[in-house]
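Working notes, beginning with the structure itself.
Residue numbers (this note's numbering): 2 to 182.
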């Protein structure tokens, strides 16, 4: 299990030809919406781009299992903005004077490489976030069921505790393994 879930998902998405193709298509779509007036995508277009990527992935004959299972709906505006902020922090290591001069001159434009990086961060965080939600919803239900059966049957506490531990570990392992793509 060496890699953390987010690194595993990042790697799966980055190495996916389908995901890269969907990113290229969304990038081209956004450029055409602005009639190629800019050298890249504008930040306000990212929600549209996210929806375009999602639709492109799910319309494939064999869509990526990560997206099908963990991202059934396009990411929200909050997720899009959060991913953009994370990617922007890595790229904006300039002085405040340079930033102010740049803002006055032209709008922020997102190039092809940065766009793909944003898309990977966006979809990886959506996959990992939804997997975490699944874990948090599945474990308590199963634990309650095991504890209820243990109480009804009059089983020993240590036996019920062990069963709960094995169940929780199994659910966590199942979700982790499903993140491998």
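The beta-carbon is built from N, C-alpha and C at its ideal position, and this holds for glycine as well. Computed from a predicted structure; not experimentally measured.
- Per DSSP, reduced to three states, the secondary structure at residue 153 is helical.
- Residue 125 is positioned such that its CB atom lies no closer than 8 Å to that of residue 34.
- Rounded to the nearest whole angstrom, the C-alpha separation of residue 151 and residue 133 is 27 Å.
- Put simply, the segment 109-120 touches the segment 78-88. At least three CB pairs are less than 8 Å apart.
- Assignment of residue 42 by DSSP, reduced to helix, strand and coil, places it in the strand class.
- Residue pairing for residue 147: DSSP places it in no beta bridge.
- Under the DSSP assignment, residue 160 falls in the alpha helix (DSSP H) whose first and last residues are 158-179.
- Pairing residue 155 with residue 141, the inter-Cα distance amounts to about 20 Å.
- Sequence-distant partners of residue 164 (beyond 5 residues in either direction) whose C-beta falls short of 6 Å from its own C-beta, in its chain, are 147.
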